[in-house]
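Structure first, then comments.
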Amino acid sequence: MTIIQMEVFLKVVETKSFTKAGEILGLTQSAVSHAIANLEAAVGFQLILRNRSGASVTSNGEKIVPYIRNILQQIKRMKQEAEGIIGLQRGKVSIGTFESVTIKWLPHILRQFNQQYPHIEIELLEGAYEEIVQWLQTGIVDVGFILERDNMIVDFYPLKDDRLRLLLPCTHALSNHQKISIQQLSSDPFIMPYKGCDEHVRKLFKKQNVLPNIKFVIKDVPSIVAMVQGGIGISIIPEMTLPDHMDRICTKHISDDVYRTIGIAAPDFKRLSPAAEKFLELTKFWIPHDAVS
5 MTIIQMEVFL
15 KVVETKSFTK
25 AGEILGLTQS
35 AVSHAIANLE
45 AAVGFQLILR
55 NRSGASVTSN
65 GEKIVPYIRN
75 ILQQIKRMKQ
85 EAEGIIGLQR
95 GKVSIGTFES
105 VTIKWLPHIL
115 RQFNQQYPHI
125 EIELLEGAYE
135 EIVQWLQTGI
145 VDVGFILERD
155 NMIVDFYPLK
165 DDRLRLLLPC
175 THALSNHQKI
185 SIQQLSSDPF
195 IMPYKGCDEH
205 VRKLFKKQNV
215 LPNIKFVIKD
225 VPSIVAMVQG
235 GIGISIIPEM
245 TLPDHMDRIC
255 TKHISDDVYR
265 TIGIAAPDFK
275 RLSPAAEKFL
285 ELTKFWIPHD
295 AVS
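So that you can map any letter, position 267 of the sequence shown is 271 in the numbering used here, and since no number is skipped, the others follow by simple counting.
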């Protein structure tokens, strides 16, 4: 007794025709007849009567119908549960993220992900870049948004080159210049972004053999913006960390075009859970199309 034999039997009962049942199931009339004959052999009695007006179920066959229908329903539920187990309908994805990605990207990505996979649970953990790498290594998160570094110890897929921008008060002497060199900034009081963003800024100064006049080291971007607005100093921070609107501040390109590369990472892309793989696929599709820094 096979699943196809039971499906054919129910379809014949419903349509009262071998021909119509075959058309619906994509089987020839001969294949339908063969399936019914084999099922009757398996149960030991006749299930279907064939006559000029079509086909009808026998009294013994009627007793079998609810059992076969129940078997097929249970098989369908089992398949759905199996899909859930492998993450197509259910599952959980733990994601490591940092502030600018959380603000700029995740609301859009998660909205689309939830629309496509409403039963997959999302867990977000926000932290510093080094923390996220550690979470990936220890299995606390499945995937994480991190910055590209030398000698990566996790699998990494680049998503965006996030360029560094110079923040000046609009009253600054260089505010009318289109591009500004690092050498022109050596004497200005400098507000260094805190650990994470600072690595690329320090490399930029070091590359040009310029020692920045660091007055403050500040973690919070709104605080940096407020200090620049107040004329306390200047700063260099990535585009994605910038607020959408900043009064009394001019943002400028730096002559040496410097950027940090943001990407998504996992311990091993080949061993992701199906749910995490779905999130990775959607993120890779969404960023090039819609991301605006």
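C-beta atoms are modelled at their ideal positions from N, C-alpha and C, and glycine is treated no differently.
Of the residues Ser57, Cys174 and Lys67, the one whose Cα lies closest to the Cα of Phe49 is Lys67. Straight-line spacing of the CA atoms in Leu110 and Ile228 works out to 24 Å.
For Gly237, same chain residues with a beta-carbon under 8 Å away, outside a window of 5 residues either side, are Asp192, Pro193, Phe194, Ile195, Lys219, Phe220 and Met231 in chain order. In the displayed model, Leu286 falls within a helix according to three-state DSSP. Cβ neighbours of Gly95 within its own chain (closer than 6 Å, five residues either side excluded): Ile124 and Ala279. Where Arg167 is concerned, the enclosing beta strand (DSSP E) starts and stops at Asp159 to Pro173. Listed in chain order, the non-local C-beta contacts of Pro271 below 8 Å within the same chain comprise Leu140, Gln141, Gly143, Val158 and Asp159, local neighbours out to five positions each way being set aside. Ranked by how close their Cα comes to the Cα of Asp248, the residues Asp154, Val145 and Ser104 have Ser104 in first place. Of all alpha-carbon atoms in Phe289, Glu152, Trp290 and Lys20, the one lying nearest the alpha-carbon of Arg264 is that of Glu152.
Straight through space, the alpha carbons of Val97 and Ile72 are spaced by roughly 38 Å.
With a threshold of 16 other beta carbon atoms within 10 Å, Gly267 meets it and is buried. The DSSP-derived three-state label of Pro247 is coil. Straight-line spacing of the CA atoms in Gln212 and Arg275 works out to 42 Å.
Each residue's CA atom was taken as its position, placing Cys174 and Arg252 some 5 Å apart. By the criterion of a C-beta distance shorter than 8 Å, Phe117 is surrounded in its chain by Ile124, Ile126, Lys282, Phe283 and Leu286, once the five residues flanking it on both sides are discounted. The stretch 186 to 224 is shown to contain whole alpha helix (DSSP H) runs of 4 or more residues at 202 to 211, in chain order. For Pro242, there is no enclosing alpha helix (DSSP H); the residue is part of the beta strand (DSSP E) that begins and ends at Ile238 to Pro242.
Annotation: Met244 to Asp224 spans about 14 Å, alpha carbon to alpha carbon.
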